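Numbering (the numbering used here), first residue to last: 611 to 849.
Positions of the beta carbon are idealized from the N, C-alpha and C atoms, including for glycine.
Here the structure is a predicted model, which means the values were calculated and not measured.
To keep things clear, I will list the structure first and then write my remarks on it.
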Amino acid sequence: QTVLDAVTKQFHSGEGAIQFAPEAIARSNADILKDDELRKEFIEIYSEQGKDEARNWINSSYGPFSEEELDHRMSRYGLNPCGEILGNDFHCNLAEVHLNQIDPENFEEQKKAFKAAALSVACLLNHEFEVERYRKSREYDPIVGVSFTGLFDFCVHAFGTPWLKWWEAGRPNSEEGKAFKEKESKFLDSWRKIVKETVWEYCDKHNLRRPNRCTTVQPAGTKSLLTGAAPGWHPPKAQ
C-alpha cells in the first residue's frame, strides 16, 4: 500500500517518468481535452476500445485534423530525459523561478518573476529547427515549460512555523491542513495563470501557435544550488 500510494502521488503530480499512454496523450492534448471529464472519457475509450477508436473519437469530436497532425496528437507520450515533459519529436524549452528569493507578500514581485520566465521560453518558439520533423512537431505542438524551485522555502516564509509543523506531521487533512492547502493552491493557481496569459499573449502578438500546456514540475536539484533553494517542491536534502 505504501508503494501504491507513493506511485499514485508521483503520477498525479506529473513528476517523474510514469508512463501510461492514454493518460500521457490526454494531458498532451489539453487544447481539446480541456477538463477532467473529457480526459477521463478519452482514457476510457482508449483503454477499452483501443487506440484507433480513440483516434477516431478525437477526430470526429474536435477535428477534422490532417492525418499528419492526428498521428502527432496520438503519439505524444514520449518523454524528455528528465521525464517531466510529454511530447513527440521535441526538445525541452524550460525556465525556472527561484521562489526562495521572492517575498510571499509581494504579488507584484511574483508576477514579474513568472512573467519573465514565461517570456524567456515563449521567445524561443521563434527558433527554426534545421531538422524537418522537429519543425513539424513544433508546428503542431509547441513546447514550453515554466517551473520553480524553492517552494518549501517559500511556504515556510509565507506560513511560518505552524505550516512547518503541519508538514512534518505528514500534511494531515485537518481543518488547519485544509486551510494551508487552500493557500498553497491560490499561489500555484496565480502563478500558472500569469505564465499562461504571458505565453499566449506573446504568441498571439507574434503569430505563433499557442502551447496547450505552459507549466511543469521539473527536477531542480542542480540549479537550486545556485541560490541555496530547497530543490523543486521538496524539502532540503540531508547534507
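Beta-carbon proximity check, residue i vs residue j, cutoff 8 Å
i: C813; j: R820; result: yes
i: A640; j: N822; result: yes
i: S757; j: T826; result: yes
i: D699; j: R665; result: no
i: R683; j: G697; result: no
i: Y750; j: E633; result: no
i: H737; j: T837; result: no
i: L761; j: G842; result: yes
i: T869; j: A839; result: Because the chain here runs from 611 to 849, residue 869 falls outside it and cannot be looked at.
i: W776; j: E786; result: yes
i: W667; j: I653; result: no
Nearest residue (CA-CA) to residue i, options the options
i: H816; options: K791, L735, A726; result: L735
i: I712; options: D763, P845, K644, I653; result: D763
i: N703; options: T837, F797, I753, G660; result: I753
i: K722; options: V805, Q620, D645; result: V805
i: K661; options: L648, C824, E647, D681; result: D681
i: E570; options: L835, K746, L818, E740; result: Only positions 611 to 849 of the chain appear in this structure, which leaves residue 570 out of reach.
Sequence-distant residues of the same chain with beta carbon closer than 6 Å to residue i, five excluded per side
i: A705; result: A727, S730, V731, V756
i: C765; result: W773
i: E715; result: none
i: Q849; result: In this prediction, Q849 scores a pLDDT of 49, lower than 50, which makes its location untrustworthy; the coordinate-derived value is nonetheless stated afterwards. Nothing meets the Cβ criterion.
i: D645; result: none
i: D642; result: In the sequence as displayed, the identity of residue 642 is Ile instead of Asp. Answer for I642: Y672, listed in chain order.
i: P846; result: A840
Extent of the continuous alpha helix (DSSP H) to which residue i belongs
i: S834; result: Premise fails: S834 is in no alpha helix (DSSP H) and is neither H nor E.
i: I642; result: Note, I642: premise wrong, no alpha helix (DSSP H); not H, not E.
Other residues of its chain near residue i: CB distance less than 8 Å, five sequence neighbours each side excluded
i: K793; result: A768, F769
i: F717; result: S800
i: Q629; result: Y687, L689
i: A779; result: none
Please list the segments of the beta strand (DSSP E) lying wholly inside the region 648-717, counting only runs of 3 or more residues, in order along the chain.
Listed in chain order, they are 704-708.
Let me know the beta strand (DSSP E) ranges lying completely inside the region 739-798, each 3 residues or longer, listed in chain order.
Assignment of beta strand (DSSP E) within the region 739-798, counting only whole runs of 3 or more residues, yields 755-759 in chain order.
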